[in-house]
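Enquirer: After the structure tokens below, expect a handful of questions from me.
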Amino acid sequence: MATRRDFLRASGTLSGVLWLSSSAISSLAPSRSWALELGVFNDLQSRTLLQLTRHIFPHDTLDDAVYAFVVKDLDTASAGDQAVAKLLSDGVTELHSGGDWLTLSTAQQFASVEKIAGGAFFEKIRSTAVVSLYNNELAFAHFGYEGSSFEKGGYLNRGFNDITWLPDPPPEASPSPELN
């Protein structure tokens, strides 16, 4: 029978520090340090999955704290499904089969990611990450997404025409409406 100590020794905690003190993410966080308790993944597995997710969805200015939600969701999926746990464990082991994958250069890591792209392990990370990464308040803050506008009266009078990152279109691209 496994003891609580065995469980805690086997499980991990993924932790880090918010690196941009002036970022929107750090303004939402109660402190600059963060940690997520994991029930299945150990430290190596969690750090590998976080770095792999960064390669699949690269955002240089997005804090690891946001990527950690992907790892947490993968950990939760692994706890509830032995097949998922095996897929992820085997995938991490395969990444590290030539040595410590985390110590490789970014280019070497990315080459490894390209080799596994399209496989079941890669697709599990990608499909989980696309939801976990982009559907949380920290990512919303980082990317400037204000959330659903329905509750605030819609976009017509609130943000419909406030794009500042594109050049103004020529006048003929937006003709004036005809008056009746």
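Note that our numbering has the sequence shown beginning at 141, numbered continuously upward. Heads up, the beta-carbon is just placed ideally off N, CA and C, and yes, glycines get one too.
With H, G and I counted as helix, E and B as strand and the rest as coil, what does DSSP make of residue 306?
Expert: Reduced to three states, the DSSP call for residue 306 is coil.
Enquirer: Looking at residue 214: is its Cβ nearer than 7 Å to the Cβ of residue 189?
Expert: In contact: residue 214 and residue 189 (Cβ atoms closer than 7 Å).
Enquirer: I need the boundaries of the alpha helix (DSSP H) containing residue 263, first residue and last residue.
Expert: Segment 260-274, the alpha helix (DSSP H) holding residue 263.
Enquirer: Starting from the Cα of residue 201, find the closest Cα among 282, 277, 261, 224 and give me that residue.
Expert: Nearest C-alpha to residue 201: 282.
Enquirer: Can you name the start and end residues of the alpha helix (DSSP H) that residue 228 belongs to?
Expert: 222-235 is the extent of the alpha helix (DSSP H) around residue 228.
Enquirer: So for residue 207, helix, strand or coil by DSSP?
Expert: If DSSP states are grouped into helix, strand and coil, residue 207 belongs with the helices.
Enquirer: From residue 212 to residue 312, what distance separates their C-alpha atoms?
Expert: Distance between the alpha carbons of residue 212 and residue 312: 50 Å.
Enquirer: Taking 8 Å as the threshold, find out whether the stretch 222-236 comes into contact with the stretch 283-300 through three or more Cβ pairs.
Expert: The stretch 222-236 is not in contact with the stretch 283-300.
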